[in-house]
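Our numbering applies: residue 8 is where the sequence shown begins, and numbers increase by one. No residue lacks a Cβ here, since even glycine has one placed at the ideal position from N, Cα and C. Everything numeric in this text was worked out from a predicted model, so none of it was measured.
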Amino acid sequence: MFWQLPIIRVLHSGRSSVTIFFIMSGYVMTVKTPWSGSTPSNRIQRATGHPRGQRPFRSSCSIAGVLALGCWLVQLGDFDQALFCAGLLLAEIPCLVPLDESASHTTSTTLSPYRHWRNCFALAARHAWAIALFILALHLLSYPEIRGPATPGFRTISKLVPGFYKGDWERIQQFWISVGSVLFIVALIFSPPLHLPYPDSAALPPSSTTVETQRPLLQRPFTTRFAQYLGRISYSLYLAHGAVNHTAAGAADAALSRAWRDYCAQALCAALINTLVLVWASDLFWRAINARAVRAARWLWGRALAAGAE
8 MFWQLPIIRV LHSGRSSVTI FFIMSGYVMT VKTPWSGSTP SNRIQRATGH PRGQRPFRSS
68 CSIAGVLALG CWLVQLGDFD QALFCAGLLL AEIPCLVPLD ESASHTTSTT LSPYRHWRNC
128 FALAARHAWA IALFILALHL LSYPEIRGPA TPGFRTISKL VPGFYKGDWE RIQQFWISVG
188 SVLFIVALIF SPPLHLPYPD SAALPPSSTT VETQRPLLQR PFTTRFAQYL GRISYSLYLA
248 HGAVNHTAAG AADAALSRAW RDYCAQALCA ALINTLVLVW ASDLFWRAIN ARAVRAARWL
308 WGRALAAGAE
């Protein structure tokens, strides 16, 4: 079936989305960024490029401790807590590996054309491995829920799991989609901009098109206004989807079954109605509760920092 094919399955796989959500929960916990006065797209750039001095999670001993804890949790099968630890570690990558391309871009404008094209070749190589890693991550995130060890494309890797996961389809799937979610975030972090500026463009003022092309290629779909809106209501979507699925979807499916006997049309219309109701309910929850709770927590955090500094 088309919707169960590798990579296509990621578009509707709830488990894959949840594993990425767990990683991002740990990621944002260790990233301290100045949110005021910045656009959503700039926030992502700051979150992936801040120096170590602006991060509360910076000790090498802490990194080693979190790594050991994450490996232990993997052996125990506590994937959700292990993914949270993975998010803490992934947030340290920009501190350990230089990812800021602005300096190299500025330098490349003063280099000879030969040096510039050599840098472009190196950039193309970075694009190649980042995209390859991204595709591999999507493939792992597509691990089937049922009979995964017998599915072509997943038979060999199904044997390469810790002892706790062997013999259980669901645990094997959870292990590999967890690995895929980690690789997914790594590919986004290391994805370079689309291209370097030409040597004769150093004196030109930056334009909106130039700024857009200097964003990491694989991160660009997540910096659109629609993607940022979904990010703001993501926690509300997570909380509301169960209730909406059991109310709006069930009622819509029952009503449409009398009008359409064709299963595909029935399911498509029910899913459309369910999605619209879910987004509406999540938006209301975000505005009424979640956003206010975040502001209150931020205020309490600021007061605690001020009290600790005295």
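Proximity of residue i and residue j at Cβ, strictly below 9 angstroms
i    : j    : result
A93  : G33  : yes
F28  : Y245 : yes
A277 : A259 : yes
P223 : P200 : yes
L83  : I192 : no
Residues of its chain near residue i, where Cβ-Cβ distance is below 8 angstroms and the 5 sequence neighbours each way are ignored
i    : result
W287 : none
E177 : E152
M320 : The first residue shown for the chain is 8 and the last is 317, placing residue 320 beyond what the model contains.
Nonlocal neighbours in the same chain, by C-beta distance under 6 angstroms from residue i, ignoring five residues either side
i    : result
I100 : I196
Q181 : F86
Y172 : R178, I179, F182
Straight-line gap, residue i to residue j (C-alpha atoms, nearest Å)
i    : j    : result
L148 : P156 : 15 angstroms
V17  : H146 : 8 angstroms
W308 : F161 : 46 angstroms
G77  : Q88  : 8 angstroms
A135 : A129 : 10 angstroms
W293 : R239 : 8 angstroms
A261 : A255 : 10 angstroms
R125 : A132 : 11 angstroms
C102 : H253 : 44 angstroms
Collapsed DSSP secondary structure at residue i in the structure displayed
i    : result
P199 : coil
P223 : strand
K173 : coil
S23  : helix
G84  : coil
F292 : helix
R122 : helix
Neighbourhood of residue i by C-beta distance below 7 angstroms, restricted to the same chain and skipping five residues each side
i    : result
V251 : N281, V284, L285, A288
A234 : P228
I4   : Residue 4 lies beyond the residue range present for the chain, which begins at 8 and ends at 317; the question has no answer from this structure.
A314 : none
T26  : L90, I184, S185, S188
Short CB-CB distance (under 9 angstroms) between residue i and chain B
i    : result
A129 : Of the chains in the structure shown, none is chain B; there is only one protein chain.
Counted within 10 angstroms of its Cβ, other Cβ atoms place residue i as buried (16 or more) or exposed
i    : result
A144 : buried
G187 : buried
S185 : buried
V104 : exposed
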